[in-house]
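Numbering (this note's numbering), first residue to last: 569 to 695. Working notes, beginning with the structure itself.
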């Protein structure tokens, strides 16, 4: 179904219920990404809950993509703000985690490609 573009006497264009005079927030683009902020909140809550369950020598392993927009999540920074220490960052190798099932999203592998890494965090102070 084709939408008609209506133009009023002031030059304002209207398509269905959208108007060229409306102010619209584009999510996911620009200097501040609303979607990235939401993901940060999820990661921050996960890290807090995981830290509360850690034994004294326990570790948290977080596997994530290292390409945009995933770099905007700033996982290491969120961990440090939550009192966790970075132990190491290593390339993700599926063979190290045989129980992980590779998921696909929009035809692209979500985990297990060369742009993923595993971040190891601990609540112990670094020597």
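Virtual Cβ for every residue (Gly too), placed ideally from N, Cα, C.
1) Let me check understanding here. Comparing Cα to Cα, which of 610, 667, 643 lies closest to residue 657?
2) Can you tell me whether residue 668 is helix, strand or coil according to DSSP?
3) Taking the beta strand (DSSP E) that residue 689 falls in, what are its first and last residues?
4) My parser needs the beta strand (DSSP E) runs of 3 or more residues fully inside the region 601 to 657; what are they?
5) Can the beta-carbon of residue 631 be found less than 8 Å from the beta-carbon of residue 660?
6) Please tell me whether residue 641 and residue 611 are closer than 8 Å, where the distance is taken between their beta carbons.
Checking against the coordinates, here is how it stands:
1) Counting from 1 along the chain shown, the entry for residue 657 is found at position 89. The residue with the shortest Cα to Cα distance from residue 657 is 643.
2) The residue you call residue 668 lines up with position 100 of the chain shown. DSSP places residue 668 in coil when its eight states are reduced to three.
3) Against the chain shown, residue 689 aligns to sequence position 121. Counting along the chain, the beta strand (DSSP E) containing residue 689 begins and ends at 684 to 690.
4) 627 to 633
5) In the chain shown, counting from the first residue as 1, residue 631 sits at position 63. In the chain shown, counting from the first residue as 1, residue 660 sits at position 92. Yes, these two residues count as a Cβ contact at 8 Å.
6) One-based indexing of the chain shown puts residue 641 at position 73. One-based indexing of the chain shown puts residue 611 at position 43. Taking 8 Å as the Cβ cut-off, residue 641 and residue 611 qualify as a contacting pair.
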